[in-house]
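Peer 1: The C-terminal position of the sequence shown is numbered 843 in this note's numbering, with every residue numbered one higher than the one before it. I'd like to ask some things about the structure below.
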Amino acid sequence: MFLDLCKKRRSIRKFTDKEVSDEDLNYILNCALLSPTAKNFDSKKYIVVRNKDTLLKLSTFKKVNSGFLKDANLAIVVLTDKDIAVNTYSQDASISATYIQMAAVDLGLSSCWANVLEQKDAKGEFGHNVIRNILSIPENYNVECVIGIGYANVIPREKKELDFNEHVHFEKF
Ligand SMILES: Cc1cc2nc3c(=O)[nH]c(=O)nc-3n(C[C@H](O)[C@H](O)[C@H](O)COP(=O)(O)O)c2cc1C
Numbered sequence: 671m672f673l674d675l676c677k678k679r680r681s682i683r684k685f686t687d688k689e690v691s692d693e694d695l696n697y698i699l700n701c702a703l704l705s706p707t708a709k710n711f712d713s714k715k716y717i718v719v720r721n722k723d724t725l726l727k728l729s730t731f732k733k734v735n736s737g738f739l740k741d742a743n744l745a746i747v748v749l750t751d752k753d754i755a756v757n758t759y760s761q762d763a764s765i766s767a768t769y770i771q772m773a774a775v776d777l778g779l780s781s782c783w784a785n786v787l788e789q790k791d792a793k794g795e796f797g798h799n800v801i802r803n804i805l806s807i808p809e810n811y812n813v814e815c816v817i818g819i820g821y822a823n824v825i826p827r828e829k830k831e832l833d834f835n836e837h838v839h840f841e842k843f
């Protein structure tokens, strides 16, 4: 059930050395390609990074909270074309990134989102430009996030559920 996947999904930042198969990677990417976009515009692109040196470089795109990328088996960089999805490039990318994370859980894989927007590296460079340079991403692409994926090296606790009545309102706030 989808609810079980939602409970199982946790942000995991420590991974084993086990390879994510091409078959599993393709499954994840095919799920991502099915995510909705505003006006059904074709705005999404993905860059898959498996190369260890590139993962190491990517892991420093911001000062903190991206170091886990160097230990991921692979990373998917989620892009959207700002010229195509002028007002919704961030939403289109975020929804797609969520599909990636849920597809990963579905396969018994784990992942973590590294946020790019407004982030800077240790030299004060914008993270999106650091990533752009490493991966030759054209200027018109929004670099929304980098999702590190692999097999968990820790046993995550089940997601703590928020109180339903406190968070859900019917008809009025
Ligand atoms: C939009 C967004 C940005 C995030 N950025 C980062 C990040 O840059 N680095 C990181 O380690 N985790 C990041 N996370 C993971 C969150 O810290 C994590 O989802 C949150 O603590 C809840 O834990 P859970 O995912 O295990 O439920 C991000 C998550 C989201 C949804």
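Ideal Cβ positions, reconstructed from N, Cα and C, are used throughout, including at glycine. Keep in mind the model is a prediction, meaning the values are calculated, not measured.
List in chain order: all unbroken alpha helix (DSSP H) runs of 4+ residues lying wholly within the region 688 to 760.
Peer 2: Runs found: 692 to 703 and 722 to 728.
Peer 1: Could you check whether the region 751 to 766 touches the region 671 to 687, counting it as contact only if at least three pairs of C-beta atoms, one from each stretch, sit closer than 8 Å?
Peer 2: Verdict: no, contact absent.
Peer 1: List the whole-angstrom C-beta distance separating V747 from I717, where the pair is believed to meet the contact cut-off of C-beta under 8 Å.
Peer 2: The count along the sequence shown starts at 1 and reaches residue 747 at position 77. The count along the sequence shown starts at 1 and reaches residue 717 at position 47. Yes, V747 and I717 are in contact; Cβ-Cβ is about 4 Å, under 8 Å.
Peer 1: Just verifying my parser: in three-state terms, what is the DSSP assignment at A767?
Peer 2: What you label residue 767 is simply residue 97 of the sequence shown in a count that begins at 1. In the structure shown, A767 sits in a helix (DSSP, three-state: H, G or I).
Peer 1: Skipping 5 residues on each side, what residues in its chain have a beta carbon closer than 6 Å to that of K677?
Peer 2: One-based indexing of the sequence shown puts residue 677 at position 7. Closer than 6 Å at the Cβ level, and outside the excluded window around K677, lie E828 and K829.
Peer 1: If the criterion is Cβ atoms closer than 8 Å, does the pair T707 and D753 meet it?
Peer 2: As a position in the sequence shown, residue 707 is number 37, starting the count at 1. As a position in the sequence shown, residue 753 is number 83, starting the count at 1. Going by C-beta atoms, T707 is not nearer than 8 Å to D753.
Peer 1: Would you kindly work out how many angstroms separate the C-alpha atoms of G820 and L728, rounded to a whole number?
Peer 2: Taking the first residue of the sequence shown as 1, we reach residue 820 at position 150. Taking the first residue of the sequence shown as 1, we reach residue 728 at position 58. Approximately 16 Å, taken between the alpha carbons.
Peer 1: Please enumerate, following chain order, all residues with a beta carbon closer than 5 Å to at least one heavy atom belonging to ligand 1.
Peer 2: Here the list is R680, S681, N735, W783, A784 and N785.
Peer 1: Starting from E814 and walking both ways along the beta strand (DSSP E), at which residues does that stretch end?
Peer 2: If you number the sequence shown from 1, residue 814 lands on position 144. Where E814 is concerned, the enclosing beta strand (DSSP E) stretches over Y811 to G820.
Peer 1: Measure the C-alpha to C-alpha separation of R720 and F843 and round it to an integer number of angstroms.
Peer 2: Stepping through the sequence shown from its first residue, residue 720 is reached at position 50. Stepping through the sequence shown from its first residue, residue 843 is reached at position 173. About 46 Å.
Peer 1: Measuring straight from C-alpha to C-alpha, what distance separates N743 and K722?
Peer 2: Translated into positions along the sequence shown, residue 743 becomes position 73. Translated into positions along the sequence shown, residue 722 becomes position 52. Their Cα atoms are separated by approximately 8 Å.
Peer 1: Would the beta-carbon of K793 fall within 8 Å of that of K732?
Peer 2: As a working note, residue 793 is residue 123 in the sequence shown. As a working note, residue 732 is residue 62 in the sequence shown. No.
Peer 1: So I817 packs on A745, CB below 8 Å; how close in whole Å?
Peer 2: Within the sequence shown, the letter at position 147 stands for residue 817. Within the sequence shown, the letter at position 75 stands for residue 745. That belief holds up - the Cβ atoms of I817 and A745 are roughly 6 Å apart, short of 8 Å.
Peer 1: Going by C-alpha distance, which of D741, K709, K714 and L675 is nearest K688?
Peer 2: For the purposes of this step, residue 688 is taken as the residue at position 18 of the sequence shown. Considering only alpha carbons, the answer is D741.
Peer 1: When the Cα of L675 is compared with those of N799, N803 and L777, which residue comes out closest?
Peer 2: Taking the first residue of the sequence shown as 1, we reach residue 675 at position 5. Of the listed residues, the one whose Cα sits closest to L675 is L777.
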